[in-house]
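Undergrad:
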Amino acid sequence: MSDIERYDYAFDPEGDAWAARLLRRVPGGASVLELGPGPGAMTQVLRARGQAVTVVENDPAALQALRPLGVQAVEADLDGLAWLDALQGRRFDAILACDVLEHLRSPEQVLKELSGLLEPMGSLIISLPNIAYAGVVAALRAGVFDYADKGLLDRTHLRFFTRRSIEQQLMDCGWVPLAWEANRVPVAQSEFAWHWEAIPDVWRQHLLTGWTDFDVYQWMVVAAPARDSRDWETVQVRAEASQLRAQLQALQLTHATEHASLLEHQKAFGEARQLIAQFEQERDSLRQQVQQLATDKAALEQACQDAQEALTQERAAMAGSSWRARLARRLGVD
């Protein structure tokens, strides 16, 4: 596999791929210095956005792929000084060093020189593999530290970093980290999956206890020269204040909408209560009518029963006497 094949890939600029997330850190319209772009997967996106891009690359095949993109190409090794001479007097709004510093013998020397290539309030965006990835730890437990054609143990990696060592090196070289972002890759989906699965589950759980960054495959950091750190703090405070104002306005809008909805619900609830009270009154009235009808029915049934008994008695009395006696009784004659 050639170098250009290893670093040639496609991605959706609007998606969640790591390269897309890196490019979202580049301000729109910014002039960009891209270090070690390879065949230009990210460069193409920057150019499609109409941004001016200058690249520093030493791979002839990569340079051949980059030239049709309309970039200014500096053919040089970053471990040397020729690229600095070629960029003498130039300034850029953003510098991209994505998965580059780990390939250099002296990344600290490059970092020290880069601050002089930035416009005021410019930013450096770097991406570095995280050697403290849980998969690497799992492989080390098995005594394995094998280099490969690509990945965290790419055979061309000369330096290895953790978040702490990245931060320390940046500060030692005159940079202030402004923002961090992690590229998290499940260990079971990495090149170290077999080593990870080989660890007993109880050991895995113990290893992960309190280790929030165990699945960070790469770190991204946005940094600014120390000279600009106070200005960047001001910008960040203003940005946070603007974000808070937007959130407040959104909350106020939501509150107004919910308040209006609450008033509608209260109105509907009030009307429902009135209807319920009316129904309860009608129900009580109907109950009284039912009770009265029940009383009248009972009285009528009793009267019918009394009349029936009287009629029965009279029939019995009439049945036991002659017609003359019955006539006399009816006429009141003894």
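In terms of the working numbering, the sequence shown opens at residue 4 and continues consecutively.
By construction, the Cβ of each residue, glycine as well, lies at the ideal position given by its N, Cα and C atoms.
With distance defined between alpha-carbon atoms, name the residue in E194, V188, R166, R230 nearest to D152.
TA: As a position in the sequence shown, residue 152 is number 149, starting the count at 1. Of E194, V188, R166, R230, the residue nearest in Cα terms is E194.
Undergrad: Where does A87 sit, in a helix, a strand or coil, going by DSSP?
TA: By 1-based counting over the sequence shown, the position of residue 87 is 84. The question names Ala, yet the displayed sequence has Leu at residue 87. L87 falls in the helix class under three-state DSSP.
Undergrad: May I have the straight-line CA-CA distance separating G125 from A227, to the nearest angstrom?
TA: Reading the sequence shown from its first residue, position 122 is the one you call residue 125. Reading the sequence shown from its first residue, position 224 is the one you call residue 227. If I take the Cα positions, the gap works out to 7 Å.
Undergrad: Could you check if S5 is buried or exposed, using at least 16 other CB atoms within 10 Å of its CB as the buried criterion?
TA: One-based indexing of the sequence shown puts residue 5 at position 2. At S5, the pLDDT of 49 sits below 50, so the modelled position is not reliable and the matter cannot be decided from this model.
Undergrad: Check whether the Cβ atoms of V59 and T46 sit closer than 7 Å, and answer yes or no.
TA: Residue numbering aside, residue 59 sits at position 56 when the sequence shown is read from its first letter. Residue numbering aside, residue 46 sits at position 43 when the sequence shown is read from its first letter. Their beta carbons are not under 7 Å apart, which means V59 does not touch T46 by this criterion.
Undergrad: Is S5 helix, strand or coil by DSSP?
TA: As a working note, residue 5 is residue 2 in the sequence shown. Note that S5 has pLDDT 49, beneath the 50 cutoff, so the model's placement of it is unreliable and the number below is only indicative. In the structure shown, S5 sits in coil (DSSP, three-state: anything other than H, G, I, E or B).
Undergrad: Apart from the five residues just before and just after R318, which ones in its own chain have a Cβ nearer than 6 Å to its Cβ?
TA: Residue numbering aside, residue 318 sits at position 315 when the sequence shown is read from its first letter. Cβ within range, chain order: n/a, list empty.
Undergrad: Tell me the start and end of each unbroken beta strand (DSSP E) in the stretch 109-172 that is at least 3 residues and wholly inside, in chain order.
TA: Correct list: 121-132.
Undergrad: Between which residues of its own chain and A201 is the CB-CB distance below 7 Å, once the five residues before and five after are set aside?
TA: Taking the first residue of the sequence shown as position 1, residue 201 is located at position 198. Closer than 7 Å at the Cβ level, and outside the excluded window around A201, lie A145.
Undergrad: Less than 8 Å between C-beta atoms, sequence neighbours within five positions excluded: which residues of the same chain meet that for A135?
TA: Taking the sequence shown and counting its residues from 1, one reaches residue 135 at position 132. Counting only Cβ-Cβ distances below 8 Å, and skipping sequence neighbours, we find T165, R166, D216, V219.
Undergrad: Which whole-angstrom value is the C-beta distance of Y150 and L143, which I expect to be below 8 Å?
TA: Looking up residue 150 in the sequence shown gives position 147. Looking up residue 143 in the sequence shown gives position 140. Incorrect: roughly 14 Å between the Cβ atoms, too far for contact.
Undergrad: In its own chain, which residues sit with a C-beta less than 8 Å from the C-beta of W178, not counting the 5 before and 5 after it?
TA: Within the sequence shown, the letter at position 175 stands for residue 178. Within the same chain, W178 has close Cβ partners L114, S118, L127, A226, A227, P228, A229.
Undergrad: Short of 6 Å in beta carbon distance, which residues of its chain neighbour N186, apart from the five on each side in sequence? Order them along the chain.
TA: Position 183 of the sequence shown, counted from the start, is the residue given in the question as residue 186. These residues qualify, in order along the chain: W21, Y220, Q221.
Undergrad: I need the boundaries of the alpha helix (DSSP H) containing L66, first residue and last residue.
TA: In the sequence shown, counting from the first residue as 1, residue 66 sits at position 63. It spans 63-69 - the alpha helix (DSSP H) in which L66 sits, taken as one unbroken run.
Undergrad: Is the beta carbon of A97 closer than 7 Å to that of V35?
TA: Here the question's residue 35 lines up with position 32 in the sequence shown. Here the question's residue 97 lines up with position 94 in the sequence shown. For V35 and A97, yes; Cβs fall inside 7 Å.
Undergrad: Excluding the 5 residues preceding and the 5 following G92 in the sequence, name in chain order all residues of the same chain whose CB lies nearer than 6 Å to its CB.
TA: One-based indexing of the sequence shown puts residue 92 at position 89. Excluding residues within five positions, none has a Cβ falling inside 6 Å.
Undergrad: Taking its Cβ as the centre, do 16 or more other Cβ atoms sit within 10 Å of S288, making it buried, or is it exposed?
TA: Taking the first residue of the sequence shown as position 1, residue 288 is located at position 285. Classification for S288: exposed.
Undergrad: Buried or exposed, going by whether 16 or more other CB atoms sit within 10 Å of the CB of A301?
TA: As a position in the sequence shown, residue 301 is number 298, starting the count at 1. Classification of A301: exposed, given that the 10 Å Cβ count is below 16.
Undergrad: If you follow the alpha helix (DSSP H) that W199 is part of, which residue opens it and which one closes it?
TA: Within the sequence shown, residue 199 is the residue found at index 196, counting from 1. Residues 196-201.
Undergrad: Count the other CB atoms, across all protein chains shown, that sit within 10 Å of the CB of H268; report buried if there are 16 or more and exposed otherwise.
TA: Along the sequence shown, one-based indexing puts residue 268 at 265. Answer is exposed; the Cβ neighbour count stays below 16.
Undergrad: Quick check on DSSP: helix, strand or coil for A23?
TA: Position 20 of the sequence shown, counting from 1, holds the residue named residue 23. DSSP places A23 in helix when its eight states are reduced to three.
Undergrad: Please classify Q75: does DSSP put it in a helix, a strand, or coil?
TA: Reading the sequence shown from its first residue, position 72 is the one you call residue 75. Three-state result, Q75: strand.
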